[in-house]
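Chains as they are written, first to last, in the numbering used here: chain A, 58 to 670; chain B, 58 to 670; chain C, 121 to 460; chain D, 121 to 460. Each residue gets a CB set at the ideal place from its N, CA and C atoms; glycine is no exception. Heads up, the thing below is written out as structure tokens.
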Amino acid sequence: MTSKKVEKRREVSIRFCGDSGDGMQLTGTKFTDETALAGNDLSTFPDFPAEIRAPAGTMAGVSGYQIHFASEQVYTPSDSPDVLVAFNPAAARANIGDLRPGATLIINVDAFNKKAYQRAGYTEDPLPDLRERFHLVEIPLTTLNREALSGLDLNQRAIDRCKNFFALGLLSWLYGRPMKSTERWLESKFKGDVLEANLRTLRAGWAFGETTELFPVSFQVPAAKIESGTYRNITGNQALAWGIVAAGQLMDRQIFFGAYPITPASEVLHEVSRHRNFGVKTFQAEDEIAAVSSSIGASFAGNLAVTVSSGPGIVLKQEALGLAVMVELPLVVINVQRSGPSTGSPTKTEQGDLFLALYGRHSESPMPVLAPSSAGDCFTTVLEAFRIAVKYMTPVMVLSDSYLANSSEPWKIPDVDTLPRAPIQFATADDSGNEGFQPYERDPETLARPWAIPGEAELEHRIGGLTKEPVTGNVVYDPVSHAEMMRLRGEKVDRVSADVPPVEVDGADSGDLLVLGWGSTLGAITAAVDEARKAGQMVSRAHIRHMNPLPSNLDEILGRFKHVLLPELNTGQLSMILRSRFLIDIQSLTKLAGQPFLVSEIRDAIDSILNNS
Amino acid sequence: MTSKKVEKRREVSIRFCGDSGDGMQLTGTKFTDETALAGNDLSTFPDFPAEIRAPAGTMAGVSGYQIHFASEQVYTPSDSPDVLVAFNPAAARANIGDLRPGATLIINVDAFNKKAYQRAGYTEDPLPDLRERFHLVEIPLTTLNREALSGLDLNQRAIDRCKNFFALGLLSWLYGRPMKSTERWLESKFKGDVLEANLRTLRAGWAFGETTELFPVSFQVPAAKIESGTYRNITGNQALAWGIVAAGQLMDRQIFFGAYPITPASEVLHEVSRHRNFGVKTFQAEDEIAAVSSSIGASFAGNLAVTVSSGPGIVLKQEALGLAVMVELPLVVINVQRSGPSTGSPTKTEQGDLFLALYGRHSESPMPVLAPSSAGDCFTTVLEAFRIAVKYMTPVMVLSDSYLANSSEPWKIPDVDTLPRAPIQFATADDSGNEGFQPYERDPETLARPWAIPGEAELEHRIGGLTKEPVTGNVVYDPVSHAEMMRLRGEKVDRVSADVPPVEVDGADSGDLLVLGWGSTLGAITAAVDEARKAGQMVSRAHIRHMNPLPSNLDEILGRFKHVLLPELNTGQLSMILRSRFLIDIQSLTKLAGQPFLVSEIRDAIDSILNNS
Amino acid sequence: MAAPASELTRKDFVSSQDVRWCPGCGDYSILANVQRVMPEFVDKKEDVVFISGIGCSSRFPYYMNTYGFHTIHGRAPSFATGIKASNPDLSVWVVTGDGDGLSIGGNHLLHSIRRNMDMQILLFNNKIYGLTKGQYSPTSNPGTRSKSSPQGSIDYPLDPISFALGAGATFVARTIDVDATHMQQTLRRAHAHKGTAFVEILQNCPVFNDGVWEDVQDRKQRVENSISLVQGEPLVFGTPGNLRGIVMEGGDPKVIDLDDEDDPVSKGVVVHDEHLESTAYAFALATLTRPECPLPVGVFREQRKATYEQMLEQQIEDATSAQGAGDLHALLHSGDTWTV
Amino acid sequence: MAAPASELTRKDFVSSQDVRWCPGCGDYSILANVQRVMPEFVDKKEDVVFISGIGCSSRFPYYMNTYGFHTIHGRAPSFATGIKASNPDLSVWVVTGDGDGLSIGGNHLLHSIRRNMDMQILLFNNKIYGLTKGQYSPTSNPGTRSKSSPQGSIDYPLDPISFALGAGATFVARTIDVDATHMQQTLRRAHAHKGTAFVEILQNCPVFNDGVWEDVQDRKQRVENSISLVQGEPLVFGTPGNLRGIVMEGGDPKVIDLDDEDDPVSKGVVVHDEHLESTAYAFALATLTRPECPLPVGVFREQRKATYEQMLEQQIEDATSAQGAGDLHALLHSGDTWTV
Ligand SMILES: Cc1ncc(C[n+]2csc(CCOP(=O)(O)OP(=O)(O)O)c2C)c(N)n1
Ligand SMILES: Cc1ncc(C[n+]2csc(CCOP(=O)(O)OP(=O)(O)O)c2C)c(N)n1
Ligand code: SF4
Ligand code: SF4
Ligand SMILES: [Mg+2]
Ligand SMILES: [Mg+2]
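Here it is as structure tokens:
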């Protein structure tokens, strides 16, 4: 095809950035799909500014999408992109700090006029400086796109809106990405002149790559060796949604999903809403309190209930979650964590809600907590949360976060037939003994109480949030019953341990340093440990998915290492729990900037521990 | 007056118990007032069943009031009363377990008929057994009261309702309590036949004591040697209310008090509502969210704002409290803790909300937390909370509890002139520099931002819950500003340390065992340590009032003891924080039965540590 | 009286729990009447669920020998929504108070009413917070002296009927704790309605707000102070010699005096019609305020509209016939995939 | 136009912050109109406070160069309550959206309206959640296809005007983002009202719900589809040759055709009166629904009642004259004390 030279690369990372209106998220997603189909491993990081469209051309309005792909395993979107594609000066200015000197910076030079660079906050023409520091490729994107689309019956604005596809075509050529999936998507989405325009400029971008002298070579990133199977790209939110749908299928029960929209959790609601044919009932409530309350009601009535929200919304749900703890009904609560207290930075990421999950209710109100560690893992974790909820008759909280929610990775689609099917067992009239049905009689092994649902004869019973007598569940005020029920609720959650697999150590079983993590930091930690090992350091790694109860071998594992480093996107919440529990001087690496860890930040922490010991 | 022998006693504890309708709380309170006026030190513990009147004569309906008084210092209501006055079989049955063999049990023998003792759950007549185990005094209370009131124009029900005053008269005689205060109170409360009836039966009770052969002696408990000054009885809730009123006076600013009724916090609202002449504005909102939100609004407008609630209500306030943290406005939040998760046991006590105060908001949302340790201390603590809130521009949470709320103790009335006056400094136009007013410019010492209130020219500014830029407070999304503001909010709260006095150790400065406590456990811990010392054990004691930030000498103090015992009415919340912080193996003594610690429970824990070490 | 639908009797609905209301509380008679009519409504008591919030009134479920859920303060309608959506075959009853339902829970009540699920909502209005020992509530009369308003309350009260109509209620009625016959009739109507049936029950709290409804509870005063809404009947009240009727003047209701021999309709007295398309008429009735006007009791409005759960089930059906029954394998493989 | 109350001009109310709404958003014109009328209302901009919740609309305070508080979702009226109670001299404005004010915040809006503090509440109704990118809201038309209702929403919508009237509002009005003159008039009326002034502003969200108000926004269609409420004027709308009027039939409003030369009043057309004692008439207007009936814009109701803050201040005065100014020493020594 192309007459230019093709060079091989092991890995590449690219960041597309531009105005919110420039379609950067779309460009990134399509490039990601192409890359996945090319067989690379990959990791992405979409980073958009806020919830509403900021004034065009300002720093506040810059939207970015980064993709890292390779012929080997990829753990993070990469600290620093090899290529930055900037649609305007604001995008360049906002992102340039992450670029290594000499990296490739592809800009739409048409957008670099005086007005625009001043609007971005540059006091003088940035091009001379950029030329010096980076490999600057100046492409008149606007002009080229207009030329490609001349003659079409579209107004200038509609035409200019296509220029991201020109860029996509060009980058696709540059890295030898097959554009089929993008073309198919365009065909399914648009028609008439708009379709024609997008297809034309996409191809024009590719052709421009082939002919322009700006790019003397193109690159090839061979497919990665990955486990055989059928793959797809998936984001964390999509995986959560599908996990919810799958739970209903596998447990053979209708799903009730009570929700109130909130960034970055709303997409889970959106996605599940699209699948009513699975018998799922999504219910958009008037607020988070109604969302969780209706879900608990649904659980009482025998549905598999789930409610999904983020920080502020989870806080509002806590009173009702306390009731769920008290009445011991199964419920899955998903918290897609976002950044900062109060409204904070709704689109940014953080792991600040572990304490909220464990301690955010009044009195002692224990609840199992799980944390997925990758987009695909969100699917598995939701299924597990439902299993625990039903088996132990308890609410379970799942802690995802904004980073997992939006970033995507190739996911090996599980074989549906091998997923564990666990039809639910409700109590029946047989469970009603001589004394009548006892709603707080417990399974001797799990301590779960029976799930007896309205409509079932002879099991009529009343539950509520008042202190109750063991076994009968009758309202009482005596200290002995009170103490006993407090104890039982705690012990029941402890017994979930029986379902918590031991933590596995990656690397040597003992040694100088264990890097421990939980949730979405897995990628960055793995990459950092990998690098450290390549550099000859002896570092092990372990990742926790069951935040409560904790895996029972944790104590023993921590005891085998001289140092334990625990990076968290908070002020050290898990660290505090483990220090207290095990009286071990865990070293906490914290970050609270609304951004995931850079690999280098963790590497530096590793270095500093190993060099000082 | 009386011809009987009078014996001296150093200390006595009495528990009145009966049906909710029997007026036990009133009887106890009046006996307490008499006792206070007699110059004894005292401590009380009212324990009532639930929020609504339970069926008469059942265990569920039993209400109790215990008072412990002495000619020396009194720390707790006592583990086990010397005298139990039981108005019916249910009351006897519910309370008998707390009685030492041989203790005095005074009963209304008229109420011990078959129907009544069966209703209480006794299968056979309990009297024979009670006679054997206790010093049972059988008084036909109902009959004697009816006789005393014969001839009055009142129906039987009204007459029978007076019998608690007969008992009060009798007990007043028995312990030589002056009845003047009770008579005065009756005169202020009732008139006509009802007044006459109560006064008559009260005096009849006293006369009965003098003449009956059931009591061969009466007792005298000489006045205690206490610091000179003017005293009154006060409950924790009353002290909180007066602290609020006092804060407005001392800081020379109107109080805004947003509240929604909830047990056991409502009385604070009731009491403050009675004092509108102090310019306090109480606002009964539609729910707790509106209560806290209106309070934050009031603070924005320059009032001294306070909101008061209990567990479930505090949970509901958390989202808005996160906003208060973010906008850095002064606010006092009082949590009168109650027992159990969800609705739990609303009238019972617990210290379960420390984690909720510290960690019950999403993300990292730091807030100073204070805990009063006695009824009177509630007054001081509220004043301190306001001082910190205003000085550091921060919400502050105060953790009282149901035990402090309802129990009373003699309180030395502070001299109003010596209470610190601290008129508030608001920002003025002078604070608006060249760049205009900067709402997040900070005091270099406290890191407080200025308090600039609407109505003040040139200080117009906008605040909100979104991530903001340091100094200007403008909404931004960049990671650097985000991280910096997260850090500043945390550091500001840490700097409150400057106002936190060092913890004082009671007893030896170092040694085998330190018993550490916080909040309402002070009495029980002090009594237990006292007993231990009297028994020759070397035990020291320290009590924490500043839960966040913690006193800075704590680390050092803990390090000087071989063992640290920390009793808490929760699963060990402060213990977890200190273990994590200092990596010291603090031993947690926990109790979750809705009841305060018994002195003996703490003594046993002390013994077991000292005997095993 | 309607024929019983089942073999069940009143006793089947009495639970084993001791009733814990104060002597003389209006809640007792409401409980008795509900237990009395339930056998007419269902033939299996396991199909009945009572859901409540927190308050004296909200203790109700404990005393009904059916499924019951005593939830948290103000949120009962939301729990009920989840229950009904999960199993539309259940007979779902919400019990709430003026504080629970209209103070903290106003929003959930509003939105539940708006969604029109087929359930009954009984609001016991004693114009006070009973359980927390006597603070004024959103329905308290202006100037109510209570523990939290020692100088008298300064909030303008909310009228539950106007509130429900403003929320778009399809069934709105009012009845009185002491009027057993009327209450049972009203409960029957509420149960028969397909959609959310909102019933305000005037209830006396002898402990904290005694006599607040006396002018309509007392049999003698009731005839002068209340008007019974009966479908197709003119709005006439009072006793012979002192009959009065309601007329509408440009949308505003007014009271006129009637002679005993008058034909009320020809005098312009309105004939009650629950089924009018617009809510305006029912709302006009709700604005009648004592002492000038009588307090209406009975059914203000009944309108048939599709229920939320019907539409929800319909969407599931529609989705299933459009997309086919859910196929998990197909879902996971939808869109772009690749095989290694 | 009223004479300016001050030396201030529109520009004084423009803050330094970049406005972050999408191009074409109806919020721009609301902002411009508010900024334009403010100089008529106050002579010191420091006396003005804008309070909002969360939503696109709730960004409003950032753009006003006054005191401003962008609070949390749904609670703005409660914050405003505390502000106004603390300092009754302030001019307090609440800005909220259909989601913020009627979904999560419905209860606070309800109770704020009921209490009748002297403040203005502007509810921007775009019938959608804008900020969270397009889910249906409590005011969305039935069947609205949105991100969270791909098959169409099945909730019956809430009408903000009926809601406010049901809550006992003393001032209720509606205006349209694109009608600057009408909006300014309405804002003036709202500001002049002593009590809670509730104003629904119909607002277009071109991104997520474009054209949802087209039939009343478009100048041509507006005359046919809306009716302007003017005190003392008969309720007539349409264009010559196609004039229509509103009559009341037993409390229910109906549309009748009019000839150009008809005297509407003699035909029974209602003469608009904002000040009627009962809310029934205003509520009847609120039930007018398109396409059969026109959408009323203007002031539905205005009624003068004591405000909450007036009564609160009064109680403080009363308490002070009854008990004397607060004396802390006396308080602490009240009741039984003893001296050692
Ligand atoms: C979140 C929360 N806030 C406050 C309370 C305290 N509380 C319990 S019931 C109640 C009011 C009940 O009034 P109402 O609904 O009228 O019931 P009634 O007792 O009069 O029947 C309040 C404020 C609570 N239980 N939970
Ligand atoms: C407690 C909480 N829940 C949910 C959200 C997410 N949220 C922000 S704005 C909004 C809806 C806004 O809709 P509307 O009030 O109509 O404003 P618009 O954007 O349409 O102007 C939602 C659900 C939030 N910020 N806080
Ligand atoms: S307090 Fe009032 S409402 Fe509650 S049970 Fe007693 S009488 Fe009934
Ligand atoms: S999303 Fe809609 S309401 Fe929000 S700013 Fe954009 S156009 Fe306006
Ligand atoms: Mg009530
Ligand atoms: Mg909206």
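Residues bridged to Trp458 (chain D) by DSSP?
Answer is B:Tyr288, bridged to Trp458 (chain D).
Below 8 Å on the Cβ atoms is my guess for Trp468 (chain B) versus Ala484 (chain B); work out the distance and round it to an integer in Å.
At roughly 37 Å, the Cβ-Cβ gap does not stay under 8 Å, so Trp468 (chain B) and Ala484 (chain B) are not in contact.
Just checking Trp333 (chain D) against ligand 4 - is the residue's beta carbon closer than 6 Å to any of the ligand's heavy atoms?
No, since every heavy atom of ligand 4 falls outside the 6 Å radius drawn around the Cβ of Trp333 (chain D).
Among C:Phe133, C:Ser257, C:Ser282, C:Arg421, the one whose alpha carbon lies nearest that of Gly352 (chain C):
Residue C:Arg421 holds the alpha-carbon nearest to the alpha-carbon of Gly352 (chain C) among C:Phe133, C:Ser257, C:Ser282, C:Arg421.
Arg72 (chain A) lies in the beta strand (DSSP E); which residues open and close that run?
Element bounds for Arg72 (chain A): 68-76.
Using a beta-carbon distance cut-off of less than 8 Å, what residues from the stretch 330-352 of chain B approach chain C?
Under the 8 Å Cβ criterion, the stretch 330-352 of chain B contributes Ser330, Arg331, Arg333, Thr339, Gln341, Glu343, Asp344, Glu345.
Here's the rule: buried if 16 or more other CB atoms are within 10 angstroms of the residue's CB, otherwise exposed. What is Leu378 (chain D)?
With 16 or more other Cβ atoms from the protein chains shown falling within 10 Å of its own Cβ, Leu378 (chain D) counts as buried.
Using 8 Å as the Cβ pair cut-off and three pairs as the minimum, do the stretch 138-147 of chain B and the stretch 69-80 of chain B touch?
A contact is defined here as three or more CB-CB pairs under 8 Å, and the stretch 138-147 of chain B meets this definition with respect to the stretch 69-80 of chain B.
Taking the straight line between their C-alpha atoms, what separation do you get for Gly85 (chain B) and Ser238 (chain B)?
Here the C-alpha atom of Gly85 (chain B) lies approximately 13 Å from the C-alpha atom of Ser238 (chain B).
Candidates B:Gln295, B:Asp250, B:Gly286, B:Leu227: closest to Glu270 (chain B) by CA position:
The shortest Cα separation from Glu270 (chain B) among B:Gln295, B:Asp250, B:Gly286, B:Leu227 belongs to B:Leu227.
Cβ of Pro106 (chain B) within 7 Å of any chain C Cβ:
Chain C, which has no Cβ nearer than 7 Å to the Cβ of Pro106 (chain B), makes this no.
Any heavy atom of ligand 3 closer than 6 Å to the CB of Asn360 (chain B)?
Because no heavy atom of ligand 3 lies under 6 Å away, the Cβ of Asn360 (chain B) does not count as near it: no.
Report the three-state DSSP secondary structure of Ala505 (chain A) (helix, strand or coil).
In the structure shown, Ala505 (chain A) sits in coil (DSSP, three-state: anything other than H, G, I, E or B).
Relative to chain D, which residues along the stretch 360-384 of chain A have a C-beta separation below 8 Å, given in chain order?
Against chain D - using a Cβ distance shorter than 8 Å - the residues of the stretch 360-384 of chain A are Pro369.
Let's test the definition: count the other Cβ atoms within 10 Å of the Cβ of Gln435 (chain D) and tell me whether it reaches 16, buried, or not, exposed.
Classification for Gln435 (chain D): buried.
Taking Cβ to Cβ, would you say Glu166 (chain D) is nearer than 7 Å to Gly521 (chain B)?
No.
Under a CB-based cut-off of 7 Å, is Leu326 (chain B) close to chain C?
Closer than 7 Å: yes.
Given a cut-off of 7 Å on the beta-carbon distance, is the pair Phe291 (chain D) and Ile241 (chain D) in contact?
No, the Cβ-Cβ distance between Phe291 (chain D) and Ile241 (chain D) is not below 7 Å.
Kindly provide the ranges of any alpha helix (DSSP H) runs that are 4 or more residues long and lie completely inside the stretch 253-313 of chain A, ordered along the chain.
Qualifying alpha helix (DSSP H) stretches, in chain order: 293-307.
Cβ of Asn491 (chain A) versus every heavy atom of ligand 3: is any distance shorter than 6 Å?
Result no, Cβ not under 6 Å from ligand 3.
Applying the criterion that 16 or more other CB atoms from any shown protein chain within 10 Å of the CB defines a buried residue, is Thr295 (chain D) buried or exposed?
Buried.
Assigned secondary structure, Tyr416 (chain A) (DSSP; H/G/I helix, E/B strand, else coil)
Helix, per DSSP.
Where do the N-terminal and C-terminal ends of the beta strand (DSSP E) with Met116 (chain A) fall, by residue?
Neither: Met116 (chain A) is in no beta strand (DSSP E) and is coded neither H nor E.
Simplified DSSP state of Glu422 (chain C), which is helix, strand or coil:
The DSSP-derived three-state label of Glu422 (chain C) is strand.
Can you grab the Cα-Cα spacing for the pair Asp309 (chain B) / Asp487 (chain B), in whole Å?
Roughly 22 Å separates the two Cα atoms.
Our contact map puts Val562 (chain A) next to His603 (chain A) with C-beta atoms below 8 Å; I'd like the distance itself, whole angstroms only.
Actually they do not touch by this definition, with Cβ atoms about 16 Å apart.
Confirm, please, whether the CB-CB distance from Glu421 (chain A) to Gly401 (chain B) is below 7 Å.
No, the pair does not count as a contact, with Cβ atoms beyond the cut-off.
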